[in-house]
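Comments concern the structure below.
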Amino acid sequence: MTDMKMNKKSSYVYMCALASLAPILLYSYYIINTSVDIPFQTSFFFLTNLRAYYDGTLTLADLTVPFGEHRVIGCNLIFLANAILFGLNTRIEHYIFFLCYAAMMVAIFIPYVANHASLTTGKQNRHMVSFFILTLFMAMINMSPIQYYDTGMGVQVIIGLFFSILYFLAADHLLRQGPNATRTALLIAAAFMAFILFGSGYSAAAIIATLAFVAYRCLILGNRGRAEALVAAVTFISLLLYVKMPGGVPLHGGAPENGGSGLISRALSCLTHPVLFGDYILVSLGSSIIGHRPLEDMHTGLGIYRVIGAVVLLLSLWGLYKFHTRRTIFSNALPALLIVYGLADIAIVCFGRWEYILENGAAWGTGAWYIYHHKLCAIGAFWIMALLLADRPDSEAALPVGERGPVVLAAASIIGIIGPQVMADVHMIRTVPYIYRFTAQAVPYAYFPDLLPGKPDETSLFLWPVAQTRKDLAFLRAHNLGPYRPSLDFGHTKATGELGEGWYGDGWIGASALGVFKSGSSGEMTISTFVTSTLMPDGNGLEVFVNGTSVYKATFAADQQVLHRIPVPPNTIIGVKIQPTRTMSPKEAGLNGDTRELGMIVQRLDVN
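Just so we're aligned: the sequence shown equals residues 47 to 654 in this note's numbering.
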């Protein structure tokens, strides 16, 4: 009988392990289908060190130069290694990001499953499986920030977050088992990776969470031994190095951003705006569940963010209270540490970006960069709730909600938190082509830098001034790096090449259309064009540029499919610009309300 119970219990654990693959596979699908191999946004910051490497002037001091208020030593090393070994294949960074996320999932859910397995028996396994799957949905990373996050500094930040979680586990293990040489070495190694090598502005939250947990053990539980002293010492030394080393958090004055005020002065400023500060917390927590896309794409107001954020905040505070009162059911402190980390990070971001919040309001809390960190609040809260549901002795309900408690809480979670997140993620899956197109537009600009957009902003393809971006692209081209690598295999057709600005989904192009393709051995490009006489009775003309040089001009009549055969360099990558002689909008022609300036339909484009 006991063996049957054990087998049944093991089957539930295997079910949980299998279920844990779902968000990883979904995330993998998303990132593979949205990633584009080109330096993007913050990646260009690291070209300075790459240029110094090729000039032979790179020094250790160059690697420690901060990016804004973030230390980026690890990212500098990754970027250099990528360029040296793989010719700056930035798609590799996408997969590093994915693998690190998958490892972070494993680091969280192995102790989660172990904690549940030590409590649940028989009927209670159903609660364990239900809430394990719910927690998996909570852990499923919001896909909305990926296009901003997975190259450049984003790799540094996600690796630092992974090692912060490992540091939590190492510190908790040492506190529970007592110090020895192996545990101490693991603690120091995790601290170095999380706070020094891959530390960023967000790492301060991990330091605060660890120190708060040590203080809790000393002051509340009365545990004041060698273990607490050792963890406190390692964490405090990490804090000193974190602040003093380049890229550390500026506590007083002189911050390179945000008006020059330090973190402490901005924190004090928050006290004069308590309503805005509280609103920012709720919006940030709400965004950690449904991301920023509902606000941008689905016209959702901040009200839903505040409601979801309030639920997550109440669950988090209630979870910390239950962690204290029912601490005997927890085999590790990770859920409580995750909650404190998330809340501390919200406060740090608020202090660090206070000037922007004053200007833009609580909506700044929906920023894509912060979702990965703030979501840990909800993961920790659901972890604690799941344990309490699993530990329900007949004589004493772990949750004061009666016999229907698990059903009520599960329903409330699905309706109030899981449902909105799933809807947001489904929306993001549907927008995969748009996300890919958004990033892919950057590729043709590498071949036509003179056409780069004018003023950069936070949502543009390149964050740097146009003159600097052109200089950086010229550097990449001179060394056959990034989009100029000879090994790149762009498509040979309109459907498989990298298309930039000017292409519309119905086949029409605008005043100009950019694309990058790989030519074949024939060295010939075939373009099939068509215009309707209702829009352009006299037909139209076109000029074709290859790698910035005009190579073909022609005119053609309306209502006729015309095939243009154009010689191109064989067996190489080419940047193509198709420029119609004139454009006309259907609204201007009196056909309908379409205001697009249309040049022609490109029915087919093949490069052989």
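In this text, a Cβ means the ideal position worked out from N, Cα and C, and glycines have one as well.
Is residue i helix, strand or coil when you go by DSSP?
i    : result
L581 : coil
K368 : helix
E504 : Confidence in E504 is poor, its pLDDT being 44 and thus under 50, which makes the residue's placement unreliable; the coordinate value appears in the next sentence. If DSSP states are grouped into helix, strand and coil, E504 belongs with coil.
V203 : helix
A444 : Residue placement at A444 is poorly supported in this model, since its pLDDT is 45, which falls under 50; the coordinates are not used for a value here.
M630 : strand
P320 : helix
S596 : strand
E643 : coil
T601 : strand
Q625 : strand
D83  : coil
T110 : coil
R373 : helix
Locate the alpha helix (DSSP H) running through residue i, then write down its first and last residues.
i    : result
D518 : V512 to A524
D391 : L380 to G398
I154 : R137 to A163
F259 : S249 to L265
I126 : One detail in the question is off: residue 126 reads as Leu in this sequence, not Ile. It spans I119 to F132 - the alpha helix (DSSP H) in which L126 sits, taken as one unbroken run.
Leaving aside the five residues before and after residue i along the sequence, list all residues of the same chain whose C-beta is less than 8 Å from its C-beta, in chain order.
i    : result
P446 : At P446, the pLDDT of 49 sits below 50, so the modelled position is not reliable; the number obtained from the coordinates is stated separately. Contacts found: none.
P157 : L215, S377, N378 and L380
Express the C-alpha separation of residue j and residue i in angstroms, rounding to a whole number.
i    : j    : result
M323 : A153 : For the sequence presented, residue 323 should be read as Phe rather than Met. Each residue's Cα considered, the two are about 32 Å apart.
N95  : R222 : 43 Å
D652 : M571 : 6 Å
I138 : A513 : 27 Å
R97  : R399 : 31 Å
R523 : G133 : 11 Å
S164 : R373 : 14 Å
G411 : F484 : 23 Å
I647 : L527 : 34 Å
P632 : V608 : 22 Å
H298 : Y482 : Only weak support exists for where H298 lies, its pLDDT of 46 falling under 50; the value from the coordinates is given anyway. In a straight line, the C-alpha of H298 is about 41 Å away from that of Y482.
T601 : M474 : 42 Å
D108 : T578 : 58 Å
L257 : L265 : 12 Å
R611 : L588 : 13 Å
V43  : I394 : Outside the displayed span of the chain (47 to 654) sits residue 43, for which this structure offers no information.
R516 : N128 : 21 Å
Considering only the alpha carbon of each residue, which of the options lies closest to residue i?
i    : options                   : result
S81  : H525, A520 and V489       : V489
H525 : G465, Y100, L383 and F428 : Y100
S565 : V597, G621 and L588       : G621
H219 : E274, G200 and L265       : E274
G553 : L348, R642 and F90        : R642
S311 : T629, E401 and L389       : E401
Q625 : G556, W364 and C423       : G556
V201 : T136, T580 and Q467       : T136
L644 : L637, R628 and N654       : R628
P225 : Y326, L276, F86 and T110  : L276
D518 : V478, A541 and Y493       : Y493
F209 : T230, R229 and F241       : F241
S558 : F591, T230, G636 and T515 : F591
A250 : F521, F397, P532 and M582 : F397
F125 : I84, M151, F155 and Y367  : I84
I336 : Y416, L366 and R270       : Y416
W510 : N79, F86 and Y73          : F86
Over the uninterrupted beta strand (DSSP E) stretch that includes residue i, give me the two end residues.
i    : result
F238 : Per DSSP, F238 belongs to no beta strand (DSSP E) and is neither H nor E.
E570 : E570 to F576
L608 : It is Val, not Leu, that sits at residue 608 in the sequence shown. Start and end: V608 to P613.
A559 : A559 to K564
Among the residues of its own chain, which have a CB less than 7 Å from the CB of residue i, if the five just before and after it don't count?
i    : result
S567 : P616 and N617
V280 : L233, I234 and A237
M199 : T88, F113, H116, V118 and C121
Y141 : none
F536 : G543, E544, V562, F563, K564 and I619
What does a CB cutoff of less than 6 Å around residue i pick up in its chain, not counting 5 residues either side in sequence?
i    : result
P381 : G426, W429 and I430
L328 : R352, G355 and A356
Mind checking whether the beta-carbon of residue i lies closer than 7 Å to any heavy atom of the ligand ZN?
i    : result
G569 : Because no ligand of any kind appears in the structure shown, any question about the ligand ZN cannot be addressed here.
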